[in-house]
Amino acid sequence: MQDPNCIFCKIAAGSIPSRIIMQNERAMALLDAFPLATGHTLVIPKSHYARLQDMNREDALAVFEIAWKVAGAVESGSQASASTIAIHNGREAGQEVPHVHIHIVPRKSGDGAGPIHSMFRSKPKLSAQAMDSLREEITRSLS
Numbered sequence: 047m048q049d050p051n052c053i054f055c056k057i058a059a060g061s062i063p064s065r066i067i068m069q070n071e072r073a074m075a076l077l078d079a080f081p082l083a084t085g086h087t088l089v090i091p092k093s094h095y096a097r098l099q100d101m102n103r104e105d106a107l108a109v110f111e112i113a114w115k116v117a118g119a120v121e122s123g124s125q126a127s128a129s130t131i132a133i134h135n136g137r138e139a140g141q142e143v144p145h146v147h148i149h150i151v152p153r154k155s156g157d158g159a160g161p162i163h164s165m166f167r168s169k170p171k172l173s174a175q176a177m178d179s180l181r182e183e184i185t186r187s188l189s
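Counting from 1 along the sequence shown, just add 46 to a position and that's the residue number in the working numbering.
And the structure:
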């Protein structure tokens, strides 16, 4: 399952060169061509999925296995003591390429980036009742 117009599908197929860190039969980790920090790595499924919830179980497990394996190596190889690991799941969430990808961005003190909470200027103020209702809606959606 590939999208002929998707840059990540082309990378997974080997038609665009990349700096692969590791791969398995379903996923791969590679250095980001436009890094936010030295060592910025992407983990992608080899099959095309626009969003995380579109993935089948096997591909999701393969992607997260690689992310789990390479996160520490990316930090170590980049001489960083931490990393931000992020998935932009849909265009409104900042996803620029509509193919699931996990960012592993090495972080150092004073790098100018902040926590996820710094991304949002307007934050909801929910009552305990509203939080309980929201939890019920989300739980009901799992069925």
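Ideal placement from N, C-alpha and C gives every residue a C-beta, glycine not left out.
Inset, instruction - Might you give, ordered along the chain, the residues of its own chain that have their beta carbon closer than 8 angstroms to the beta carbon of residue 109, omitting 5 neighbours on each side? - result: 72, 73, 89, 90, 91, 101, 146, 148
Inset, instruction - Let me know the secondary structure DSSP gives residue 62 once reduced to three states. - result: coil
Inset, instruction - Any chance you could list the alpha helix (DSSP H) runs of at least 4 consecutive residues sitting entirely within the stretch 101-162, in chain order? - result: 103-123
Legend entry - For residue 98, three-class secondary structure by DSSP: helix
Legend entry - Nearest-angstrom beta carbon gap, residue 57 and residue 76 [assumed within contact, 8 angstroms]: 7 angstroms
Inset, instruction - Figure out for me which residue from 153, 174, 98, 136 has the closest Cα to the Cα of residue 118. - result: 153
Legend entry - C-alpha distance - residue 142 paired with residue 189, whole-angstrom precision: 30 angstroms
Inset, instruction - Taking the CB atoms as reference points, tell me whether residue 120 and residue 160 lie closer together than 7 angstroms. - result: no
Legend entry - Same chain only: Cβ atoms within 8 angstroms of residue 133, ignoring 5 sequence neighbours per side: 98, 146, 147, 148, 149
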